[in-house]
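Student: Going line by line, the protein sequences match chains C and S. Adding 12 to a residue's 1-based position in the first sequence gives its number in the numbering used here. Adding 12 to a residue's 1-based position in the second sequence gives its number in the numbering used here. No residue lacks a Cβ here, since even glycine has one placed at the ideal position from N, Cα and C.
Number of protein chains: 2
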Amino acid sequence: MFDPACPSSAMPIRIGDKWSAQVIVCLDEGPRRFSELQVPIRGVTPKVLTQTLRALERDGMVTRTAYAEIPPRVEYELTELGRTLFAPIAACRAWAADNFSAMLEAREAYDNRD
Amino acid sequence: MFDPACPSSAMPIRIGDKWSAQVIVCLDEGPRRFSELQVPIRGVTPKVLTQTLRALERDGMVTRTAYAEIPPRVEYELTELGRTLFAPIAACRAWAADNFSAMLEAREAYDNRD
DNA sequence: CGGAATCCTCTTCGATACTG
DNA sequence: CAGTATCGAAGAGGATTCCG
Chain C
13 MFDPACPSSA MPIRIGDKWS AQVIVCLDEG PRRFSELQVP IRGVTPKVLT QTLRALERDG
73 MVTRTAYAEI PPRVEYELTE LGRTLFAPIA ACRAWAADNF SAMLEAREAY DNRD
Chain S
13 MFDPACPSSA MPIRIGDKWS AQVIVCLDEG PRRFSELQVP IRGVTPKVLT QTLRALERDG
73 MVTRTAYAEI PPRVEYELTE LGRTLFAPIA ACRAWAADNF SAMLEAREAY DNRD
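#1: Kindly list, in the order they appear in chain C, the residues whose Cβ is closer than 9 Å to that of Ile-25 (chain S).
#2: Taking the continuous alpha helix (DSSP H) assigned at Arg-66 (chain C), which residues delimit it?
#3: Would you verify that the beta carbon of Asn-111 (chain C) is, or is not, closer than 9 Å to some beta carbon of chain S?
#4: Can you give me the start and stop residues for the beta strand (DSSP E) that Leu-90 (chain S) sits inside?
#5: Determine the burial state of Thr-77 (chain S): buried for a count of at least 16 other Cβ atoms within 10 Å of its Cβ, exposed for fewer.
#6: Can you tell me whether Arg-54 (chain S) is helix, strand or coil according to DSSP?
#7: Just to make sure I have the definition right: I need the residues of chain S whose C-beta is within less than 9 Å of the C-beta of Arg-70 (chain C). Which are they?
#8: Just grab the DSSP bridge partners of Val-74 (chain S) for me.
#9: State the beta-bridge partners of Tyr-79 (chain S) as determined by DSSP.
#10: For my contact list, Leu-116 (chain C) and Ile-36 (chain C) are in at a C-beta cut-off of 8 Å; report their separation, rounded to the angstrom.
#11: Strictly under 9 Å for the Cβ-Cβ distance: is Ala-114 (chain S) near chain C by that measure?
#12: In the DSSP assignment, the alpha helix (DSSP H) including Arg-119 (chain C) goes from what residue to what residue?
#13: Of all the CB atoms in chain C, is at least one closer than 9 Å to the CB of Ser-32 (chain S)?
#14: Would you say Leu-61 (chain S) reaches chain C, if we count a Cβ-Cβ gap shorter than 9 Å as a contact?
#15: Would you mind telling me which residues of chain C sit closer than 8 Å to Leu-93 (chain S), beta carbon to beta carbon, in chain order?
#16: Check whether the stretch 72-88 of chain S touches the stretch 37-52 of chain S, counting contact only when three or more Cβ pairs, one atom from each stretch, lie closer than 8 Å.
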């Protein structure tokens with residue numbers, strides 16, 4: 013789902029920490045379990061995914077629902093507030109589509125100057 | 013111009029590094045000198061302001077023009093590419109106006125839960 | 001005036017292993 | 001399955017001092 017090779021680290025705009033935006037996009041299609049998030053968000057360790065989810069929960073962006081079953085099951089879901097982040101995310105994606113390559117070219121020109 | 017007491021560090025959306033957005037907003041009204049940027053952007057040290065400006069210059073967001081005078085004078089100006097950042101910045105400001113306080117309330121409720 | 005140099009702290013992120 | 005515990009690396013950001 014997310015290409016680890018994409019130069020997203022160069023993006024000048026960030027939503028929350030490194031993984032928050034990916035979590036939010038993943039949760040847009042409905043509630044997801046912990047392990048269902050780990051798959052598309054490649055490269056995230058359980059510890060960091062937990063950190064990210066806790067921070068999002070603290071800010072009221074997601075809800076966490078634990079089911080007392082064996083095996084345990086936990087679902088994360090976007091809240092109304094979490095969905096409000098989609099407008100700025102969309103604006104940032106539009107910016108990236110229009111200007112990201114120009115920025116990378118400017119950067120390369122700068123680095124290759126003498 | 014920018015209140016250091018404002019909880020901007022809690023903002024889930026960031027443009028570039030900690031100070032880039034403020035620099036861009038300051039430069040919107042026209043070219044500014046190094047020391048003219050240091051005043052409104054309270055709390056930034058020369059080193060970090062230099063870092064920020066270099067990074068923005070590298071990415072083609074600002075131009076740096078040094079005048080060989082005594083005393084020296086350096087002016088920074090937004091490029092066309094730098095101005096494109098205004099759309100996402102505006103979207104983020106709109107988000108903050110609408111939802112920032114709700115996020116802070118959710119956070120406080122989370123922290124005060126038993 | 002507009003930085004550069006140095007040193008330092010704090011946070012973020014990750015690897016690995018283990019558990020209720 | 002859904003985490004937690006521990007350790008460690010790395011980078012951002014800051015304080016202070018010095019320079020052309």
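Tutor: On the basis of the supplied data:
#1: Ile-25, Arg-26, Ile-27, Gly-28, Leu-97, Pro-100, Ile-101, Cys-104
#2: Per DSSP, the continuous alpha helix (DSSP H) segment holding Arg-66 (chain C) begins and ends at 58-70.
#3: By this cut-off, Asn-111 (chain C) is an interface position.
#4: Note, Leu-90 (chain S): beta strand (DSSP E), 85-90.
#5: exposed
#6: coil
#7: Ala-118, Arg-119, Tyr-122, Asp-123
#8: Answer is S:Leu-90, bridged to Val-74 (chain S).
#9: When beta bridges are read from the DSSP output, Tyr-79 (chain S) appears opposite S:Arg-85.
#10: With a Cβ gap of about 25 Å, Leu-116 (chain C) and Ile-36 (chain C) do not count as contacting.
#11: yes
#12: First-last of the alpha helix (DSSP H) with Arg-119 (chain C): 98-123.
#13: yes
#14: The beta carbon of Leu-61 (chain S) sits no closer than 9 Å to any beta carbon of chain C.
#15: Asn-111, Ala-114, Met-115, Ala-118
#16: The answer is yes - the stretch 37-52 of chain S touches the stretch 72-88 of chain S, with three or more Cβ pairs under 8 Å.
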